[in-house]
Amino acid sequence: MHRAHTCAANRRTEAAYKASFTQLTGLAPPSSSTPTPPAAGIHTSPSHTLSLNKMARRRSRSSINMTGSLAMAASWLLLLLGVTDGQLQVGFYSKSCPGAESTVADVVRQAGSADPTILPALLRLQFHDCFVRGCDASVLVKGSNAEVGNSKHQGLRGVEIIEGAKTQLEAQCPGVVSCADIVALAARDAVAFTGGPSFDVPTGRRDGKVSNLRDADALPDVHDGIDALRSKFRANGLDEKDLVLLTAAHTVGTTACFFLQDRLYNFPLAGGGRGSDPTIPPGFLSELKSRCAPGDFNTRLPLDRGSGGVFDTSILRNIRNGFAVIGSDAALYNDTATVDVVDSYSGLLSNFFGPYFRQDFADAMVRMGSIGVVTGGSGEVRKVCSKFN
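So the sequence shown is numbered by this note's numbering: it starts at -13 and just counts up by one.
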């Protein structure tokens, strides 16, 4: 009840600010995916976002309303003044290629309508791009020693969607929109088209000029334990909360039985020998083995048991209850820090009193999209995403 009154008040405040914004500028106000601060599209640091969330939960109703009002006003003022995240900026192409974002959205929408499984594939594509040398579209480059040939990228899909959008944008605005930005925008749109949050993505990335096979060795792996996962995320400026939130994208994903063979049939046992991961509940183990026989590398199954294809927090409840399909997902419930985050989004009362999952997920996507970006005069804007200029 308390949250309902707060959200209603924030919506009234938001409407008032939108009217003021339009009156002062003559422009449509920026969209907000939720009435909760900070506004989507204004990238704040993880510590700042966390402190805002803590204050919002601890203060009285009037304090929460005031915090929300001030944060929203400040967010719109920053957008009006063109404040950037480093050299990334929401609406970077608003003048140089006004149709850039809508073109990417149209391409992703059409692809998703024809094949819904391509939408989670586009999320995975951005993750694989950003975790190797930063978000520079190096994963799109083809060549004998290019990173895309690394086995860590096995099963990667969606490259043709990026190339399709690039072809259209080159016809509209030659040499303007980078492949790296198309990857980021396509992932954002894929989230929305699967029922996830809509949010603004800062753009202005340039494409990298390096793509090496061995660089992709640093990618997180389905066999990674919690220590390895934490280390790989921290190396990219992300924390345990980001690890849980970005893993939650698996709620709309699938996996090939290839990635389950070791966990089901070749797992190293404490007493020696190999077998099945002993942490898998017996009933669930039988279910997985019935779907993925020994030597079956191609059959696909949802990563989110019972909720495949729907963007929600079911994946975190499954992890909490022992029904994680892949080992790296299960690892999130093996450490106090990540257990606390999983529980905060998947507990019985989390929908009423917990943190705002959709907003937090959007913020984590923006943070991931800012890893190691190439901006300004560095890099290039490729004419074709699969090869350097």
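Idealized CB from N, CA, C, for every residue including glycine. Owing to the predicted nature of the structure, the values given are computational and were not obtained by experimental measurement.
Cβ shell of residue i (< 7 Å), same chain only, five flanking positions each side left out
i, result
"residue 85", "158"
"residue 290", "236, 237, 300, 301, 304"
"residue 275", "250"
Inter-residue Cα distance where the pair is residue i and residue j
i, j, result
"residue 321", "residue 160", "49 Å"
"residue 376", "residue 163", "Only positions -13 to 375 of the chain appear in the structure, and residue 376 is not among them; the question remains open."
"residue 207", "residue 177", "22 Å"
"residue 262", "residue 196", "40 Å"
"residue 118", "residue 267", "34 Å"
"residue 170", "residue 258", "45 Å"
"residue 355", "residue 112", "8 Å"
"residue 293", "residue 97", "22 Å"
"residue 63", "residue 307", "The predicted model places residue 63 with a pLDDT of 40, which falls under 50 and marks its position as unreliable; any figure quoted below should be read in that light. When rounded, the distance between both Cα atoms is 44 Å."
"residue 347", "residue 133", "27 Å"
"residue 328", "residue 147", "32 Å"
"residue 192", "residue 219", "23 Å"
"residue 273", "residue 309", "11 Å"
Start and end residues, alpha helix (DSSP H) containing residue i
i, result
"residue 232", "226 to 233"
"residue 206", "From DSSP, residue 206 is part of no alpha helix (DSSP H); its letter is neither H nor E."
"residue 268", "268 to 277"
"residue 106", "104 to 116"
"residue 218", "212 to 220"
"residue 143", "Segment: none, residue 143 is in no alpha helix (DSSP H) and carries neither H nor E."
"residue 357", "Looking at the DSSP string, residue 357 is not in any alpha helix (DSSP H), and its letter there is neither H nor E."
"residue 80", "Taken as a continuous stretch (DSSP letters only), residue 80 belongs to no alpha helix (DSSP H), as it is neither H nor E."
"residue 159", "Element bounds for residue 159: n/a, residue is neither H nor E."
"residue 370", "First-last for residue 370: undefined, no H or E at that position."
"residue 324", "322 to 332"
Assumed close pair residue i, residue j - CB separation to whole angstroms, cut-off 8 Å
i, j, result
"residue 451", "residue 239", "For the chain, the structure presents residues -13 to 375; residue 451 sits outside this window and is missing."
"residue 182", "residue 297", "4 Å"
"residue 105", "residue 359", "The Cβ separation is near 24 Å, so there is no contact."
"residue 179", "residue 93", "Contact doesn't hold; Cβ gap of about 11 Å is too wide."
"residue 225", "residue 90", "Rounded, the Cβ-Cβ distance is 29 Å, inconsistent with contact."
Cβ-based neighbour list, residue i, same chain, cut-off 6 Å, excluding 5 preceding and 5 following
i, result
"residue 235", "109"
"residue 135", "199"
"residue 138", "202, 205"
"residue 249", "263, 313"
"residue 357", "116, 120, 121, 222"
"residue 350", "228, 231, 232"
Residue interval of the beta strand (DSSP E) (run including residue i)
i, result
"residue 241", "240 to 242"
"residue 288", "286 to 288"
Cβ neighbour criterion (16 or more within 10 Å) applied to residue i
i, result
"residue 227", "buried"
"residue 155", "buried"
"residue 269", "exposed"
"residue 255", "exposed"
"residue 283", "exposed"
"residue 101", "exposed"
"residue 363", "exposed"
"residue 280", "exposed"
Spatial neighbours of residue i in its chain, beta-carbon cut-off 8 Å, leaving aside the 5 residues before and after
i, result
"residue 260", "251, 252, 253, 254"
"residue 6", "Note that residue 6 has pLDDT 40, beneath the 50 cutoff, so the model's placement of it is unreliable and no number is given."
heavy atom of the ligand FMN below 8 Å from residue i C-beta
i, result
"residue 277", "Judged by which ligands are present, the structure shown has none, so any question about the ligand FMN falls away."
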